[in-house]
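S.K.: Under our numbering, the sequence shown has 1255 at position 223, and the numbering climbs by one with no breaks.
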Amino acid sequence: MKLNHHSKSCQIIINKKITNFQNLETQRTADTTPDLQNNDEKSKINYFTNKISSDCKLARELHEASLQSHWYIEQPKEIVDKRIVKLKKQQKNHKVVVLDLDETLIYHKNDQSIIRPFCKQFLDRLSKICTLVLFTAAKIEHATNMLKLIDPNKQYFKAVCTIDNMIGKVKDLRIFQTDLKDIVIIDNSPYNFIAQINNGLPILPFEGQNDDNQLEELLSYLEDLLLVDDVRIELAKKFKLQQFYKELNGRQAINKLYS
Ligand SMILES: [Mg+2]
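Rendered as structure tokens:
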């Protein structure tokens, strides 16, 4: 199965990091996932890497999240149990897609909320092929107000989670009591999914651009991804988030992260 549609610009940034990483001597001993790219895919990467800066905010955040995922200590079951969300899947074999809200589906500027282009079609199509959950790091009042804009007829989301469902600053997927092979979390802030980094699907933040096409590309990617048995295997192969931090080291990392 070919999974090469998604979030091209997001993938490009990641591919650049990986390409740089592959040039480092340290890579020889690193425990990377085998490189499965064919020549065609490699030439596309070269074309795009000239245009994209690896210093962008998302690249820095991915680096940090990748590192943090190795240090993350799973919180005890009692803490998870207090935040359980019961999910009623539409169909037994349906996968679960957990969607972030701000800067993933919507952006706020000067008291205005701008819905990401293609959002309605994205939710409409996706809600038919998986079980959709909204998970915001904000409070319920904010979620309720935004849902009036993006899901006015309450037809897309099977559950809405807020800051009260988070463990610290992390969206720990264990609260859904679903096999982790069946869950994808999409978020513009990768730190949110460090508890299960191989379930994470990063997306470039939406900051009000009219020509944004990330949701359109993401939908194409998801339509394939949701057919696989274990999403973690595909996501790890594509984004390599667990190894992402190895591209930078020492001073480089500090400069890039905190400059
Ligand atoms: Mg967000």
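We treat Cβ as the ideally placed atom computed from N, Cα and C, and that holds for glycine.
(1) Less than 6 Å between C-beta atoms, sequence neighbours within five positions excluded: which residues of the same chain meet that for Phe-1150?
(2) Is the beta carbon of Val-1128 less than 8 Å from the beta carbon of Ile-1215?
(3) Based on Cα-Cα distance, which residue from Asn-1224, Leu-1119, Lys-1141, Lys-1124 lies nearest to Ser-1101?
(4) Just mark Asn-1177 as buried or exposed, buried being the case when its beta carbon has 16 or more other beta carbons within 10 Å.
(5) Please look up how many angstroms separate the CB atoms of Leu-1233 and Ile-1207, rounded, as I've assumed it's under 8 Å.
(6) Can you tell me whether Ala-1268 is helix, strand or coil according to DSSP?
(7) Name the two residues that bound the continuous beta strand (DSSP E) containing Cys-1193.
(8) Ignore the nearest five residues each way along the sequence and tell me which others in Pro-1108's own chain have a CB closer than 7 Å to its CB.
(9) Between Leu-1258 and Ile-1161, is the Cβ-Cβ spacing less than 8 Å?
(10) Return the CA-CA distance between Glu-1135 and Tyr-1104, expressed in angstroms with no decimal places.
(11) Helix, strand or coil, according to DSSP, for Val-1263 in the structure here?
(12) Do you know how far the Cα of Asp-1204 is from the Cα of Asn-1245?
(13) Does Val-1117 come out as helix, strand or coil in the three-state DSSP assignment?
(14) List the endpoints of the continuous alpha helix (DSSP H) containing Lys-1180.
M.R.: According to the structure shown:
(1) What you label residue 1150 is simply residue 118 of the sequence shown in a count that begins at 1. Leu-1247, Glu-1248.
(2) To locate residue 1128, count along the sequence shown from 1; it is residue 96. To locate residue 1215, count along the sequence shown from 1; it is residue 183. Closer than 8 Å, so yes.
(3) Against the sequence shown, residue 1101 aligns to sequence position 69. Taking only the C-alpha atoms, the option nearest Ser-1101 is Asn-1224.
(4) Sequence index remark: in the sequence shown, residue 1177 carries index 145 (1-based). Under this definition Asn-1177 is an exposed residue.
(5) Within the sequence shown, numbered from 1, the residue matching residue 1233 stands at position 201. Within the sequence shown, numbered from 1, the residue matching residue 1207 stands at position 175. Wrong, their Cβ atoms sit about 18 Å apart, outside the cutoff.
(6) The residue you call residue 1268 lines up with position 236 of the sequence shown. Three-state result, Ala-1268: helix.
(7) Start at 1 with the first residue of the sequence shown, and residue 1193 comes out as number 161. Note, Cys-1193: beta strand (DSSP E), 1189-1193.
(8) Here residue 1108 refers to the residue found at position 76 when the sequence shown is read from its first residue. Cβ neighbours of Pro-1108 beyond the five flanking positions: none.
(9) The residue you call residue 1258 lines up with position 226 of the sequence shown. The residue you call residue 1161 lines up with position 129 of the sequence shown. Yes, the Cβ-Cβ distance between Leu-1258 and Ile-1161 is below 8 Å.
(10) For the purposes of this step, residue 1135 is taken as residue 103 along the sequence shown, with counting starting at 1. For the purposes of this step, residue 1104 is taken as residue 72 along the sequence shown, with counting starting at 1. Looking at the two C-alpha atoms, the distance is approximately 25 Å.
(11) Position 231 of the sequence shown, counted from the first residue, corresponds to residue 1263. Of the three classes helix, strand and coil, the one that applies to Val-1263 here is helix, per DSSP.
(12) In the sequence shown, the residue the question calls residue 1245 occupies position 213. In the sequence shown, the residue the question calls residue 1204 occupies position 172. Taking the straight line joining both Cα atoms gives about 28 Å.
(13) Residue 1117 sits at position 85 when you count from the first residue of the sequence shown. Looking at Val-1117 - three-state DSSP - the assignment turns out to be coil, as it is neither helix nor strand.
(14) Numbered from its first residue, the sequence shown carries residue 1180 at position 148. Where Lys-1180 is concerned, the enclosing alpha helix (DSSP H) stretches over 1172-1182.
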